[in-house]
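S.K.:
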Amino acid sequence: MLELLRQGWKWSAVALAAVVLAGCASSSRTPAPVEDRGTATRVQPGAVQPAVVADLSKPLPGAENAGKPGYYSVRPGDTLIRIALESGQNWRDIVRWNSMDNPNVIEVGQVLRIAPPVAAGAAAAAPATEGVVAKPVAPSAAAAGTPLPPASAPRVAASAAPAAPAAVAAAPAAMSPPAVAGDDDVPWAWPTPGNATVLTGFDEVKNKGLDIAGKAGDPVLAAADGRVVYAGAGLRGYGNLIILKHNNTYLTAYAHNQALLVKEDQSVRKGQKIAEMGNSDADRVKLHFEIRRQGKPVDPARFLPAR
Numbered sequence: 481m482l483e484l485l486r487q488g489w490k491w492s493a494v495a496l497a498a499v500v501l502a503g504c505a506s507s508s509r510t511p512a513p514v515e516d517r518g519t520a521t522r523v524q525p526g527a528v529q530p531a532v533v534a535d536l537s538k539p540l541p542g543a544e545n546a547g548k549p550g551y552y553s554v555r556p557g558d559t560l561i562r563i564a565l566e567s568g569q570n571w572r573d574i575v576r577w578n579s580m581d582n583p584n585v586i587e588v589g590q591v592l593r594i595a596p597p598v599a600a601g602a603a604a605a606a607p608a609t610e611g612v613v614a615k616p617v618a619p620s621a622a623a624a625g626t627p628l629p630p631a632s633a634p635r636v637a638a639s640a641a642p643a644a645p646a647a648v649a650a651a652p653a654a655m656s657p658p659a660v661a662g663d664d665d666v667p668w669a670w671p672t673p674g675n676a677t678v679l680t681g682f683d684e685v686k687n688k689g690l691d692i693a694g695k696a697g698d699p700v701l702a703a704a705d706g707r708v709v710y711a712g713a714g715l716r717g718y719g720n721l722i723i724l725k726h727n728n729t730y731l732t733a734y735a736h737n738q739a740l741l742v743k744e745d746q747s748v749r750k751g752q753k754i755a756e757m758g759n760s761d762a763d764r765v766k767l768h769f770e771i772r773r774q775g776k777p778v779d780p781a782r783f784l785p786a787r
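So for the sequence shown, our numbering puts the first residue at 481; every next one is plus one.
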């Protein structure tokens, strides 16, 4: 009898376990929904952080300016440094123009101002001719062969005839700073001393500058007077990079250095040593050198003096 009770207890335990397992197998295993809020890009000058998809449940900064001249919509893979280089601007200016509370964060779809804002009051400075009175210009008696008009001759309203050039108000400033006289007259010099070999020439798609051969530690020189607008390693594919701004029109870039010898916002002179050649983010020691005209890469061979 005792043995039968033990067997009964054993089979009861087995049956209970089977019921529990069956209940577990029949329950839903669908995971709880995960809200995708998107992530922001941490874009700081010393790091490589591409932009990613933003949270679409809230309006993106600057979205109302999408498509307007002087603005740029952030795309996947963008970084603040790349946007600045390709717009021909200082990344710090872009931060300031957009009143960015955290310059380390941008989002895909965010619209950034990439040109200086119109000066306050400039938009209201349109020519105002109505009610403006212009004095008649006295012609030369010898040239006209007629007497001068009497002093009591009535004055003519500017709206009745084309205004004289001096009476026309200045037009509002353009979104992009225009090239001023002399901006194209930059006295360029080679960014390496001697007769260094050009490894790869310019190609607007595949190679946006010149690749120049050298040895590790060779001097890298400023190609013209300018100011350092970037010095760091925050742009993928460029390694340790220096960007100089020479005027409203031209930037130069010096990539793959092993050492950077200047700091941001520092003024430099043509021929000054600004870095040492290296192979950072490159397959060999070389200098990758770019000239950009209003952000667009141009062939440096067209600007550098003959060797």
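By construction, the Cβ of each residue, glycine as well, lies at the ideal position given by its N, Cα and C atoms.
Within the stretch 753 to 782, note down every full beta strand (DSSP E) run reaching 3 residues or more, in order along the chain.
M.R.: List check, beta strand (DSSP E) in window: 753 to 757, 766 to 773 and 776 to 778.
S.K.: Select from L784, K538 and L592 the residue whose C-alpha is nearest the C-alpha of A669.
M.R.: Closest by alpha carbon: L784.
S.K.: Going by DSSP in three states, L560 sits in which element: helix, strand or coil?
M.R.: L560: helix per DSSP, three-state reduction.
S.K.: Grab me the residues of G775's own chain with a C-beta within less than 6 Å of its C-beta, minus the 5 sequence neighbours each way, in chain order.
M.R.: The answer, listed in chain order, is E566, S567 and G568.
S.K.: Would you decide whether G674 is buried or exposed? Buried here means 16 or more other CB atoms lie within 10 Å of its CB.
M.R.: Burial call: exposed.
S.K.: Quick check: the stretch 692 to 704 against the stretch 755 to 762, are there 3 or more CB pairs under 8 Å?
M.R.: Output reads yes: the stretch 755 to 762 touches the stretch 692 to 704.
S.K.: If you measure between the beta carbons of W577 and R555, is that distance less than 8 Å?
M.R.: Not a contact, by the Cβ cut-off of 8 Å.
S.K.: Going by CA-CA distance only, name the one from A735, P541 and K725 that's closest to G717.
M.R.: Of the listed residues, the one whose Cα sits closest to G717 is A735.
S.K.: Could you tell me how far apart the beta carbons of A676 and V765 are, in whole angstroms, since I believe they sit closer than 8 Å?
M.R.: About 11 Å; that fails the 8 Å criterion.
S.K.: Would you call P549 buried or exposed, if buried means 16 or more other Cβ atoms sit within 10 Å of its Cβ?
M.R.: When all chains shown are included, P549 counts as exposed.
S.K.: Could you check how far apart the C-beta atoms of V708 and E744 are, in whole angstroms? I think they sit under 8 Å.
M.R.: Confirmed, about 5 Å.
S.K.: Do L701 and Q671 come within 8 Å of each other at the CB atom, strictly closer than that value?
M.R.: A small fix is needed here, since residue 671 is Pro in this sequence, not Gln. Yes, they are a contact pair.
S.K.: State the DSSP-derived secondary structure class of L784, mapped to helix, strand or coil.
M.R.: Coil.
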